[in-house]
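In our numbering, the protein residues as written are 1 to 58. One structure is given here, and the rest of the page talks about it.
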């Protein structure tokens, strides 16, 4: 049992925790990529649908 606890403790101590700022930057990068994809898929403003006509002024 002592060796098991020693091994588990060494594994826990050996893990390097990621810096919280790196995790936050990665999160912001994901949001940025999602936003860019959404803006590419969004239809252009002012685009007329098929079959509609523009009214001429008087």
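We put the CB at the ideal spot given by N, CA and C, even for glycine.
Identify whether residue i lies in helix, strand or coil by the three-state DSSP scheme.
i, result
"residue 36", "helix"
"residue 2", "helix"
"residue 19", "coil"
Compute the minimum distance between the beta carbon of residue i and the heavy atoms of the ligand MG, and state whether it is under 7 Å.
i, result
"residue 7", "With respect to small molecules bound, the structure shown includes none, and the ligand MG cannot be examined in it."
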